[in-house]
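**Student:**
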Amino acid sequence: MPKSEFDDEFLRLVEEFNTSAGAVERRSRILSALDLRPGDHVLDVGAGPGHQVAEIATAVPGGLVKGVDSAESAITIARKRWTRLDNVEFVSGDAYKLPFENAAFNVVMSSQVFEYLDNVAAALSEIFRVLKPKGRVLIHGTEWGALLWRSSDAERMARFMSIWNGHLADPHMPQTLAKKLRTAGFKAVKAEPVVHVETNYDPSSMSAILMKFVVGYVVSRGVSQDEADAWVDDLLGLDATGEHFFSSNEYIFSAEKP
Ligand SMILES: C[S@@+](CC[C@H](N)C(=O)[O-])C[C@H]1O[C@@H](n2cnc3c(N)ncnc32)[C@H](O)[C@@H]1O
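Using my numbering, the first residue of the sequence shown is number 143, and each one after it goes up by one.
1. CA-CA distance, alanine 333 and glutamate 398?
2. Going by beta carbon distance, what residues of the same chain come within less than 6 Å of leucine 206, once the five residues before and after it are set aside?
3. Quick check: the segment 342–361 against the segment 369–378, are there 3 or more CB pairs under 8 Å?
4. Report all residues from its chain with a CB closer than 7 Å to the CB of alanine 350; omit the five preceding and five following residues, and keep chain order.
5. Three or more C-beta pairs under 8 Å: does that hold for the segment 307–320 against the segment 238–253?
6. Ignore the nearest five residues each way along the sequence and tell me which others in proline 180's own chain have a CB closer than 7 Å to its CB.
7. For alanine 220, which residues from the same chain have a beta carbon less than 8 Å from its beta carbon, with the 5 sequence-adjacent residues on both sides left out?
8. Shortest alpha-carbon distance to glutamate 268 belongs to which of Gly287, Val187, Arg223?
9. Am I right that alanine 330 and phenylalanine 270 are in contact with their C-beta atoms under 8 Å? What's the rounded C-beta distance?
10. Going straight from the alpha carbon of proline 144 to that of lysine 276, what length do you get?
Structure, rendered in structure tokens:
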């Protein structure tokens with residue numbers, strides 16, 4: 143996705159998404175996998191509005207958390223939102239050229255960002271550089287090929303998801319990440335699944351907010367607003383008859399710098 147597309151509307155939806163029950167549960171899974179210690183120095187690459195940074199901050203008393211993002215608007219939102227925290231810092235910068243010294247962090251994490259990177263190897267090499275020896279990396283992302291979203295029009299659903307996947311550099315990023323982590327020099331590579339399932343529609347659920355992202359994106363790629371609205375009506379209609387089903391497969395990868 144070109145950086146220009148991480149615009150204010152995209153980031154507003156990321157903020158809304160981050161308050162959904164699924165995203166809250168996901169962050170708590172990431173936090174527990176991070177296994178942080180008081181005093182840790184932690185970096186979140188592609189921190190967006192900074193929800194995960196704020197949660198990490200409370201887990202590292204005496205430590206420091208930095209969030210880096212290439213979108214200026216994300217940095218502005220995050221700085222405004224988290225003024226009450228005194229051990230966080232939001233920095234403008236690119237995953238391919240992290241604006242930090244070598245060996246500056248004990249832990250580096252990134253969530254829902256590597257799917258957008260067209261050069262994962264370059265970003266991993268930067269993470270390797272800024273980690274201390276024995277430091278840990280954690281990368282969370284979605285396997286978009288494993289998304290299940292019940293619809294009464296399978297062709298339209300597949301077409302919309304195929305268009306939607308075009309907003310990512312690699313919708314199947316998790317499938318190749320383990321090898322890329324090892325190639326970058328990391329050891330003890332592990333992956334654990336995070337499966338999010340909904341059997342009821344709720345306007346604040348993950349699927350409801352994803353629906354808004356998808357409608358905006360497919361319409362920007364030439365689908366008519368009428369057809370996008372018909373897709374939404376179909377999904378809401380399925381909920382009305384008790385048939386809502388949405389499930390995403392996400393993965394948390396972790397590894398260590400020797
Ligand atoms: C889907 S959002 C996820 C934000 C945040 N990690 C979260 O889970 O709320 C993707 C974020 O990655 C950032 N991003 C994309 N490419 C980047 C790059 N090359 N360097 C730094 N940040 C990047 C975007 O600006 C955006 O804020």
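Virtual Cβ for every residue (Gly too), placed ideally from N, Cα, C. Remember, predicted model here, so these are calculated numbers, not experimental data.
**Tutor:** Considering the structure as presented:
1. Taking the first residue of the sequence shown as position 1, residue 333 is located at position 191. Taking the first residue of the sequence shown as position 1, residue 398 is located at position 256. Take the alpha-carbon of alanine 333 and the one of glutamate 398: they are about 13 Å apart.
2. For the purposes of this step, residue 206 is taken as the residue at position 64 of the sequence shown. Around leucine 206: His183, Asn229.
3. Short answer: they touch.
4. The count along the sequence shown starts at 1 and reaches residue 350 at position 208. So the qualifying residues of the chain are Tyr343, Asp344.
5. Using a Cβ-Cβ distance cut-off of 8 Å, the segment 307–320 and the segment 238–253 are not in contact, since fewer than three pairs of beta carbons, one from each stretch, lie closer than that value.
6. For this step, residue 180 is matched to residue 38 along the sequence shown. Excluding residues within five positions, the ones whose Cβ falls inside 7 Å are Val202, Pro203, Gly204, Gly205.
7. The sequence position of residue 220 within the sequence shown is 78, counting from 1. Taking alanine 220 as the centre and dropping the five residues before and after it, the same chain places the C-beta of Ala189, Gly190, Pro191, Gly192, Val195, Gly209, Asp211, Phe232 closer than 8 Å to its C-beta, in chain order.
8. Position 126 of the sequence shown, counting from 1, holds the residue named residue 268. Considering only alpha carbons, the answer is Val187.
9. Your numbering for residue 330 matches position 188 in the sequence shown. Your numbering for residue 270 matches position 128 in the sequence shown. Contact check for alanine 330 and phenylalanine 270: beta-carbon distance about 14 Å, past the 8 Å limit, so the pair fails to qualify.
10. Here residue 144 refers to the residue found at position 2 of the sequence shown. Here residue 276 refers to the residue found at position 134 of the sequence shown. For proline 144, the pLDDT reaches just 46, beneath the cut-off of 50, and the residue's location in the model is therefore unreliable, although a value from the coordinates is still provided. Approximately 34 Å between the Cα atoms of the pair.
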